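Be aware that the sequence shown starts at 1, since it is given in the UniProt record's numbering, and climbs by one per residue.
These notes are about the structure you will find just below.
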Amino acid sequence: MSPDWTTASDIRKQLEKRWQKGELLRACEQPDALFPLRLTLKKPTAGQLLEHFNAARRWATHWQNAASQDLVPEWHTANHRQLGRNTLPVAIVIPTLDAALRQIGRLDAMRRYQTLSAEITRRFPVLADWCRHKPLKVLDLQPQWPALIAILGWVEQHPRPGLYIRQLEIPGVHTKFIEGNRGLIAELLDQVLPEHAIDVAATGARHFEQRYGFRRRPSRLRLRFLDQAHAMAGLHDIEVPIDQFAALGLAVRTVYIVENDVTALAFPPTPSAIVVFGQGYGIGHQLANVDWFKDKEVLYWGDIDTHGFRILNQLRDVLPHSRSLLMDAATLRTHQHLWGIEPSPYTGELSNLTAHEQAVYQMLSSIEPGQHLRLEQEQIAFSALRGETG
(Lines of atoms letter the chains of each structure in order from A and count residues from 1; the text may use other names and numbers.)
(Lines give C-alpha, C1' and ligand atoms only; values in the text may rest on other atoms or scores of the structure.)
Protein backbone atom coordinates (compact mmCIF):
# COMPACT_ATOMS: atom_id res chain seq x y z
CA MET A 1 0.00 0.00 0.00
CA SER A 2 1.35 3.43 -0.93
CA PRO A 3 2.26 5.46 2.15
CA ASP A 4 0.80 8.53 0.45
CA TRP A 5 -2.79 7.28 0.72
CA THR A 6 -4.60 7.95 3.96
CA THR A 7 -4.97 4.96 6.29
CA ALA A 8 -6.93 4.42 9.47
CA SER A 9 -3.71 5.08 11.39
CA ASP A 10 -3.42 8.46 9.67
CA ILE A 11 -6.97 9.32 10.72
CA ARG A 12 -6.13 8.49 14.33
CA LYS A 13 -3.07 10.73 14.11
CA GLN A 14 -5.28 13.58 12.89
CA LEU A 15 -7.64 13.02 15.80
CA GLU A 16 -4.72 12.93 18.25
CA LYS A 17 -3.54 16.31 16.94
CA ARG A 18 -7.01 17.72 17.56
CA TRP A 19 -6.85 16.28 21.07
CA GLN A 20 -3.46 17.87 21.76
CA LYS A 21 -4.85 21.24 20.66
CA GLY A 22 -7.74 20.83 23.13
CA GLU A 23 -10.26 20.86 20.29
CA LEU A 24 -11.93 17.56 21.19
CA LEU A 25 -12.20 18.39 24.89
CA ARG A 26 -13.74 21.76 24.11
CA ALA A 27 -16.21 20.01 21.84
CA CYS A 28 -17.77 18.18 24.79
CA GLU A 29 -19.79 21.31 25.59
CA GLN A 30 -21.29 21.55 22.10
CA PRO A 31 -20.47 18.33 20.24
CA ASP A 32 -22.97 19.09 17.47
CA ALA A 33 -20.81 22.03 16.40
CA LEU A 34 -18.03 19.65 15.30
CA PHE A 35 -19.72 16.31 14.72
CA PRO A 36 -20.37 14.48 12.49
CA LEU A 37 -16.74 15.15 11.53
CA ARG A 38 -15.84 14.56 7.89
CA LEU A 39 -12.15 14.02 7.10
CA THR A 40 -11.09 13.94 3.47
CA LEU A 41 -8.87 11.04 2.41
CA LYS A 42 -5.84 11.29 0.21
CA LYS A 43 -6.75 8.70 -2.41
CA PRO A 44 -5.16 7.31 -5.60
CA THR A 45 -5.22 9.62 -8.60
CA ALA A 46 -6.32 8.37 -12.03
CA GLY A 47 -2.69 7.92 -13.01
CA GLN A 48 -1.87 6.04 -9.80
CA LEU A 49 -4.85 3.75 -10.35
CA LEU A 50 -3.42 2.73 -13.69
CA GLU A 51 0.13 2.32 -12.39
CA HIS A 52 -0.66 0.82 -8.96
CA PHE A 53 -4.02 -0.84 -9.51
CA ASN A 54 -3.41 -3.78 -7.16
CA ALA A 55 -2.13 -1.47 -4.41
CA ALA A 56 -5.22 0.70 -4.85
CA ARG A 57 -7.47 -2.36 -4.49
CA ARG A 58 -5.65 -3.32 -1.28
CA TRP A 59 -6.10 0.25 -0.02
CA ALA A 60 -9.85 0.10 -0.72
CA THR A 61 -10.02 -3.28 1.05
CA HIS A 62 -8.15 -1.74 4.00
CA TRP A 63 -10.96 0.77 4.40
CA GLN A 64 -13.65 -1.88 3.98
CA ASN A 65 -12.07 -3.75 6.88
CA ALA A 66 -11.52 -0.60 8.96
CA ALA A 67 -15.10 0.58 8.58
CA SER A 68 -17.16 0.58 11.77
CA GLN A 69 -19.84 2.58 13.50
CA ASP A 70 -17.07 4.96 14.59
CA LEU A 71 -15.31 5.20 11.20
CA VAL A 72 -17.76 5.42 8.33
CA PRO A 73 -16.14 5.57 4.86
CA GLU A 74 -17.79 7.73 2.23
CA TRP A 75 -17.51 5.93 -1.10
CA HIS A 76 -17.45 7.35 -4.61
CA THR A 77 -17.69 5.51 -7.93
CA ALA A 78 -15.84 6.93 -10.93
CA ASN A 79 -15.35 5.78 -14.51
CA HIS A 80 -11.77 5.24 -15.60
CA ARG A 81 -11.17 5.34 -19.33
CA GLN A 82 -9.03 2.21 -19.22
CA LEU A 83 -10.03 0.49 -15.97
CA GLY A 84 -13.77 1.09 -16.07
CA ARG A 85 -15.87 1.75 -12.97
CA ASN A 86 -14.02 1.81 -9.65
CA THR A 87 -15.41 2.54 -6.23
CA LEU A 88 -13.01 4.11 -3.71
CA PRO A 89 -13.37 5.84 -0.33
CA VAL A 90 -13.05 9.63 -0.53
CA ALA A 91 -13.68 10.61 3.09
CA ILE A 92 -14.20 9.25 6.56
CA VAL A 93 -17.14 10.38 8.66
CA ILE A 94 -16.80 10.16 12.44
CA PRO A 95 -20.37 10.49 13.69
CA THR A 96 -19.89 11.51 17.33
CA LEU A 97 -17.39 12.90 19.81
CA ASP A 98 -17.38 9.59 21.69
CA ALA A 99 -16.52 7.81 18.45
CA ALA A 100 -13.53 10.09 17.89
CA LEU A 101 -12.33 9.62 21.46
CA ARG A 102 -12.65 5.85 21.26
CA GLN A 103 -10.38 5.85 18.21
CA ILE A 104 -7.53 7.43 20.22
CA GLY A 105 -8.29 5.89 23.61
CA ARG A 106 -9.23 9.21 25.22
CA LEU A 107 -12.81 8.55 26.27
CA ASP A 108 -11.94 8.06 29.95
CA ALA A 109 -9.82 11.22 29.90
CA MET A 110 -12.75 13.19 28.54
CA ARG A 111 -14.96 11.88 31.35
CA ARG A 112 -12.32 12.95 33.90
CA TYR A 113 -12.17 16.40 32.33
CA GLN A 114 -15.93 16.78 32.55
CA THR A 115 -15.88 15.79 36.22
CA LEU A 116 -12.96 18.07 37.05
CA SER A 117 -14.28 21.11 35.20
CA ALA A 118 -17.68 20.64 36.85
CA GLU A 119 -16.06 20.55 40.31
CA ILE A 120 -13.88 23.58 39.55
CA THR A 121 -16.66 25.73 38.10
CA ARG A 122 -19.13 24.73 40.81
CA ARG A 123 -16.76 26.30 43.34
CA PHE A 124 -15.49 29.08 41.07
CA PRO A 125 -17.89 29.78 38.16
CA VAL A 126 -15.51 32.49 36.95
CA LEU A 127 -13.02 29.77 35.96
CA ALA A 128 -15.33 28.32 33.29
CA ASP A 129 -13.59 30.20 30.48
CA TRP A 130 -10.16 29.26 31.84
CA CYS A 131 -11.11 25.56 31.82
CA ARG A 132 -12.53 25.89 28.33
CA HIS A 133 -9.38 27.49 26.95
CA LYS A 134 -6.95 25.18 28.79
CA PRO A 135 -8.68 21.80 28.97
CA LEU A 136 -5.48 19.76 28.79
CA LYS A 137 -4.04 21.75 31.69
CA VAL A 138 -7.16 20.94 33.69
CA LEU A 139 -6.43 17.25 33.13
CA ASP A 140 -2.69 17.50 33.78
CA LEU A 141 -3.35 19.17 37.12
CA GLN A 142 -5.82 16.53 38.33
CA PRO A 143 -3.79 15.54 41.44
CA GLN A 144 -3.25 19.20 42.38
CA TRP A 145 -6.81 20.47 42.10
CA PRO A 146 -7.87 19.79 45.72
CA ALA A 147 -4.94 21.90 46.94
CA LEU A 148 -5.46 24.57 44.28
CA ILE A 149 -9.15 24.93 45.09
CA ALA A 150 -8.34 25.17 48.80
CA ILE A 151 -5.75 27.90 48.15
CA LEU A 152 -8.07 29.90 45.91
CA GLY A 153 -10.86 29.66 48.46
CA TRP A 154 -8.62 30.79 51.31
CA VAL A 155 -7.24 33.80 49.45
CA GLU A 156 -10.73 34.70 48.23
CA GLN A 157 -11.86 34.82 51.87
CA HIS A 158 -8.69 36.58 53.07
CA PRO A 159 -7.66 39.04 50.33
CA ARG A 160 -4.27 40.74 50.79
CA PRO A 161 -3.70 39.02 54.15
CA GLY A 162 -0.36 40.62 55.05
CA LEU A 163 1.10 37.28 56.15
CA TYR A 164 4.19 35.41 55.06
CA ILE A 165 3.24 32.44 52.89
CA ARG A 166 4.97 30.25 55.48
CA GLN A 167 2.36 31.38 58.03
CA LEU A 168 -0.64 30.13 56.06
CA GLU A 169 -2.61 27.25 57.57
CA ILE A 170 -4.78 25.86 54.77
CA PRO A 171 -6.04 22.31 55.43
CA GLY A 172 -4.40 19.81 53.09
CA VAL A 173 -1.94 22.33 51.67
CA HIS A 174 1.77 22.53 52.44
CA THR A 175 3.16 26.02 52.01
CA LYS A 176 5.98 24.55 49.90
CA PHE A 177 3.30 23.70 47.32
CA ILE A 178 2.42 27.39 47.09
CA GLU A 179 6.08 28.39 46.84
CA GLY A 180 6.67 25.89 44.05
CA ASN A 181 3.57 26.77 42.01
CA ARG A 182 3.45 30.56 42.15
CA GLY A 183 3.00 31.01 38.41
CA LEU A 184 0.03 28.66 38.20
CA ILE A 185 -1.61 29.97 41.36
CA ALA A 186 -1.17 33.54 40.12
CA GLU A 187 -2.82 32.60 36.83
CA LEU A 188 -5.86 31.31 38.73
CA LEU A 189 -5.98 34.07 41.35
CA ASP A 190 -6.08 36.66 38.58
CA GLN A 191 -9.34 35.07 37.45
CA VAL A 192 -10.87 34.59 40.89
CA LEU A 193 -10.01 37.77 42.82
CA PRO A 194 -11.64 41.17 42.39
CA GLU A 195 -9.49 43.93 40.88
CA HIS A 196 -8.97 45.74 44.19
CA ALA A 197 -7.29 42.62 45.65
CA ILE A 198 -4.56 42.56 42.98
CA ASP A 199 -1.58 44.87 42.61
CA VAL A 200 -1.45 44.81 38.82
CA ALA A 201 1.89 46.66 38.78
CA ALA A 202 3.59 43.62 40.37
CA THR A 203 4.08 41.00 37.66
CA GLY A 204 5.97 37.73 37.42
CA ALA A 205 6.55 34.97 39.97
CA ARG A 206 9.21 37.07 41.75
CA HIS A 207 6.53 39.58 42.75
CA PHE A 208 3.86 37.06 43.77
CA GLU A 209 3.69 38.31 47.36
CA GLN A 210 3.36 41.94 46.37
CA ARG A 211 0.71 41.19 43.75
CA TYR A 212 -1.61 39.41 46.21
CA GLY A 213 -0.76 41.18 49.44
CA PHE A 214 1.39 38.61 51.18
CA ARG A 215 4.21 39.77 53.38
CA ARG A 216 7.56 39.74 51.60
CA ARG A 217 10.99 38.90 52.90
CA PRO A 218 12.53 42.36 53.33
CA SER A 219 15.11 43.44 50.79
CA ARG A 220 18.54 43.87 52.31
CA LEU A 221 21.59 45.95 51.49
CA ARG A 222 25.16 45.17 52.40
CA LEU A 223 27.76 47.85 53.03
CA ARG A 224 31.36 48.19 54.19
CA PHE A 225 32.78 51.10 56.10
CA LEU A 226 35.91 52.26 54.31
CA ASP A 227 36.78 54.56 57.20
CA GLN A 228 36.98 52.84 60.58
CA ALA A 229 36.09 56.10 62.29
CA HIS A 230 32.53 55.60 61.04
CA ALA A 231 32.20 51.89 61.83
CA MET A 232 29.20 50.91 63.95
CA ALA A 233 30.20 49.35 67.27
CA GLY A 234 33.34 48.03 65.64
CA LEU A 235 31.40 46.43 62.76
CA HIS A 236 32.81 47.41 59.38
CA ASP A 237 30.78 45.00 57.16
CA ILE A 238 27.02 44.85 57.78
CA GLU A 239 23.85 43.83 55.97
CA VAL A 240 20.49 45.29 57.00
CA PRO A 241 16.89 45.43 55.74
CA ILE A 242 16.41 48.28 53.29
CA ASP A 243 14.02 50.20 55.57
CA GLN A 244 16.62 50.14 58.35
CA PHE A 245 19.31 51.14 55.87
CA ALA A 246 17.17 54.11 54.87
CA ALA A 247 17.08 55.20 58.52
CA LEU A 248 20.82 54.95 59.18
CA GLY A 249 21.69 58.50 58.18
CA LEU A 250 25.43 57.87 58.23
CA ALA A 251 27.66 60.93 58.51
CA VAL A 252 29.95 59.91 55.67
CA ARG A 253 30.84 62.11 52.73
CA THR A 254 31.11 59.58 49.89
CA VAL A 255 29.11 56.49 48.86
CA TYR A 256 30.51 54.02 46.35
CA ILE A 257 28.10 51.55 44.73
CA VAL A 258 30.02 48.58 43.32
CA GLU A 259 28.53 45.64 41.40
CA ASN A 260 31.19 43.00 41.97
CA ASP A 261 31.17 41.60 45.51
CA VAL A 262 34.88 40.78 45.63
CA THR A 263 35.72 44.26 44.38
CA ALA A 264 33.57 45.70 47.17
CA LEU A 265 35.35 43.51 49.72
CA ALA A 266 38.77 44.60 48.43
CA PHE A 267 37.87 48.28 48.09
CA PRO A 268 40.72 50.31 49.62
CA PRO A 269 40.30 52.37 52.79
CA THR A 270 38.89 55.78 51.95
CA PRO A 271 38.22 58.70 54.31
CA SER A 272 34.59 59.29 55.25
CA ALA A 273 33.27 56.71 52.78
CA ILE A 274 31.26 53.51 52.54
CA VAL A 275 30.90 50.99 49.71
CA VAL A 276 27.47 49.52 48.97
CA PHE A 277 27.27 46.10 47.36
CA GLY A 278 25.31 46.61 44.15
CA GLN A 279 22.30 44.54 43.15
CA GLY A 280 22.12 45.05 39.41
CA TYR A 281 18.87 46.45 38.12
CA GLY A 282 17.34 46.41 41.61
CA ILE A 283 19.66 49.01 43.11
CA GLY A 284 17.78 52.08 41.91
CA HIS A 285 14.48 50.83 43.31
CA GLN A 286 16.09 49.90 46.63
CA LEU A 287 17.69 53.31 47.10
CA ALA A 288 14.60 55.30 46.11
CA ASN A 289 13.71 56.06 49.74
CA VAL A 290 17.23 56.49 51.13
CA ASP A 291 16.95 60.23 51.57
CA TRP A 292 20.32 60.67 53.29
CA PHE A 293 22.05 59.71 50.02
CA LYS A 294 20.80 62.90 48.40
CA ASP A 295 23.47 65.08 50.00
CA LYS A 296 26.30 62.55 49.60
CA GLU A 297 28.78 62.15 46.80
CA VAL A 298 27.50 58.96 45.11
CA LEU A 299 29.70 57.09 42.63
CA TYR A 300 28.54 54.02 40.71
CA TRP A 301 31.05 51.50 39.36
CA GLY A 302 29.72 48.78 37.11
CA ASP A 303 30.80 46.84 34.06
CA ILE A 304 31.62 48.89 30.98
CA ASP A 305 28.88 47.30 28.90
CA THR A 306 25.36 48.19 27.83
CA HIS A 307 23.77 46.78 30.98
CA GLY A 308 26.24 48.56 33.24
CA PHE A 309 25.27 51.87 31.66
CA ARG A 310 21.58 50.97 31.81
CA ILE A 311 21.84 50.34 35.57
CA LEU A 312 23.61 53.70 35.94
CA ASN A 313 20.82 55.30 33.91
CA GLN A 314 18.18 53.80 36.23
CA LEU A 315 20.13 54.83 39.34
CA ARG A 316 19.95 58.44 38.15
CA ASP A 317 16.16 58.24 38.14
CA VAL A 318 16.38 58.33 41.96
CA LEU A 319 19.84 59.85 42.47
CA PRO A 320 20.34 62.25 39.55
CA HIS A 321 23.56 63.64 41.03
CA SER A 322 25.32 60.24 41.07
CA ARG A 323 28.48 59.90 38.97
CA SER A 324 30.13 56.98 37.24
CA LEU A 325 33.51 55.63 38.30
CA LEU A 326 36.01 54.06 35.90
CA MET A 327 33.37 53.73 33.18
CA ASP A 328 35.08 56.14 30.79
CA ALA A 329 36.75 55.86 27.39
CA ALA A 330 40.28 56.04 28.82
CA THR A 331 39.65 53.05 31.10
CA LEU A 332 38.13 51.12 28.22
CA ARG A 333 41.08 51.78 25.92
CA THR A 334 43.70 51.06 28.60
CA HIS A 335 42.28 47.57 29.09
CA GLN A 336 41.78 46.76 25.40
CA HIS A 337 43.50 43.38 25.79
CA LEU A 338 40.76 42.35 28.24
CA TRP A 339 37.75 43.24 26.11
CA GLY A 340 35.06 40.64 25.67
CA ILE A 341 31.83 40.37 23.66
CA GLU A 342 28.51 41.05 25.38
CA PRO A 343 26.16 38.13 24.60
CA SER A 344 22.80 39.89 25.10
CA PRO A 345 23.33 43.66 24.83
CA TYR A 346 20.75 46.33 25.56
CA THR A 347 20.18 48.58 22.54
CA GLY A 348 17.68 51.17 23.78
CA GLU A 349 18.21 54.84 24.53
CA LEU A 350 19.65 55.94 27.89
CA SER A 351 18.61 59.53 28.50
CA ASN A 352 20.26 59.97 31.91
CA LEU A 353 23.85 59.49 30.75
CA THR A 354 26.29 62.36 30.41
CA ALA A 355 27.74 63.21 27.02
CA HIS A 356 30.99 61.38 27.84
CA GLU A 357 29.08 58.32 29.05
CA GLN A 358 26.91 58.37 25.93
CA ALA A 359 30.07 58.38 23.83
CA VAL A 360 31.35 55.24 25.57
CA TYR A 361 27.91 53.61 25.35
CA GLN A 362 27.93 54.18 21.58
CA MET A 363 31.59 53.15 21.32
CA LEU A 364 30.73 49.67 22.60
CA SER A 365 28.79 48.88 19.42
CA SER A 366 30.86 50.85 16.91
CA ILE A 367 34.35 49.41 17.36
CA GLU A 368 33.37 45.91 16.21
CA PRO A 369 30.42 46.22 13.78
CA GLY A 370 27.62 43.82 14.62
CA GLN A 371 28.96 43.13 18.11
CA HIS A 372 28.96 44.89 21.49
CA LEU A 373 32.20 45.05 23.41
CA ARG A 374 32.36 44.79 27.18
CA LEU A 375 34.95 45.28 29.88
CA GLU A 376 33.95 43.56 33.09
CA GLN A 377 34.65 45.43 36.30
CA GLU A 378 36.81 42.68 37.77
CA GLN A 379 39.15 42.94 34.77
CA ILE A 380 40.12 46.52 35.59
CA ALA A 381 43.47 46.91 37.33
CA PHE A 382 43.16 47.77 41.02
CA SER A 383 45.79 50.45 40.61
CA ALA A 384 43.23 52.36 38.53
CA LEU A 385 40.83 52.31 41.48
CA ARG A 386 43.50 53.48 43.93
CA GLY A 387 44.21 56.35 41.58
CA GLU A 388 40.55 57.42 41.75
CA THR A 389 40.13 57.08 45.52
CA GLY A 390 43.44 58.64 46.47
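Glycine included, C-beta positions come from ideal geometry on N, C-alpha and C.
Every value quoted in this text rests on a predicted model; they were computed, and no experiment measured them.
Item, Value
"Exposure label - ILE341; buried when at least 16 CB within 10 Å", "exposed"
"TRP301: first and last residue of the uninterrupted alpha helix (DSSP H) it sits in", "No alpha helix (DSSP H) contains TRP301, which is instead part of the beta strand (DSSP E) from 297-301."
"Residues near ALA264 in its chain [Cβ-Cβ closer than 7 Å; skip 5 each side]", "ARG224, VAL258, VAL275, PHE277"
"For GLN244, the nearest candidate out of GLN103, SER219, GLU74 (CA to CA)", "SER219"
"Neighbourhood of PHE177 by C-beta, 7 Å cutoff - its chain only, sequence neighbours within 5 removed", "ALA147"
"Residue interval of the alpha helix (DSSP H) (run including GLU16)", "8-20"
"Nearest-angstrom beta carbon gap, LYS43 and TRP19 [assumed within contact, 8 Å]", "The pair is not a contact, with the Cβ atoms about 25 Å apart (cut-off 8 Å)."
"8 Å contact criterion, which LEU283 and HIS335 should meet: CB distance rounded", "Checking the sequence shown, residue 283 turns out to be Ile, not Leu. About 24 Å; that fails the 8 Å criterion."
"Status (buried if at least 16 other CB within 10 Å, exposed otherwise) for ASN289", "exposed"
"Distance CB(ALA100)-CB(LEU15) smaller than 8 Å", "yes"
"DSSP beta-bridge partners of SER324", "TYR300"
"Cβ separation of ASN389 and PRO345, assumed to be a contact under 8 Å, to the nearest whole Å", "This sequence places Thr at residue 389; Asn is not what is there. With a Cβ gap of about 30 Å, THR389 and PRO345 do not count as contacting."
"Buried or exposed (CB count within 10 angstroms, at least 16 for buried), ASP129", "exposed"
"Alpha-carbon spacing of GLN167 relative to ARG160, whole angstroms", "14 Å"
"Where ILE238 sits in the DSSP three-state scheme", "strand"
"Beta strand (DSSP E) segment containing VAL258, residue limits", "254-258"
"Rounded C-alpha distance that separates ASN352 from SER324", "12 Å"
"Same chain, Cβ closer than 7 Å to LEU163, five either side skipped, listed in chain order", "PHE214, ARG215"
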